[in-house]
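What follows is a single structure, written as structure tokens, with notes after it.
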Amino acid sequence: MYEYTVEGMSCNHCVMAVKKSVGAADPAAKVEVDLATQTVKVESTAAKEVIASRIEEAGYPVLAGK
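Numbering of the sequence shown is given in our numbering, commencing with residue 1282 and proceeding in unit increments.
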């Protein structure tokens, strides 16, 4: 599972945008978004860098990732 610290998420629209963008890279991905801590957890077979790129393409800068 990958975990990213992401900037700028504040509402359900943000959550859905991130989930949709990650899902475009891996439709089977499991995505958990925590608005309070600004973290995104993703269980995916796609590369960590690909998922980070998809989050950024949704408009949310990735500050850190594990």
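Quick reminder that beta carbons are idealized off the backbone N, C-alpha and C, glycines included.
Worksheet item: So, helix, strand or coil for E1338, using DSSP?
Response: Residue numbering aside, residue 1338 sits at position 57 when the sequence shown is read from its first letter. Note: E1338 maps to helix in three-state DSSP.
Using the Cβ count rule (16 or more neighbours within 10 Å means buried), how would you classify A1333?
By one-based count along the sequence shown, residue 1333 stands at place 52. Burial call: buried.
Got a sec? Which residues, its chain only, sit under 8 Å from G1304 by beta carbon, not counting five neighbours each side?
-> The residue labelled residue 1304 in the question sits at position 23 within the sequence shown. A1310, V1312.
What separation, rounded to the nearest whole angstrom, lies between the Cα atoms of Y1285 and A1327? On the sequence shown, position 4 is the one that residue 1285 refers to. On the sequence shown, position 46 is the one that residue 1327 refers to. Computed Cα separation, rounded: 14 Å.
Inset, instruction - Mark S1291 as exposed unless 16 or more other C-beta atoms lie within 10 angstroms of its C-beta, in which case mark it buried. - result: For the purposes of this step, residue 1291 is identified with residue 10 of the sequence shown, where counting begins at 1. Counting Cβ neighbours within 10 Å, S1291 comes out exposed, since fewer than 16 surround it.
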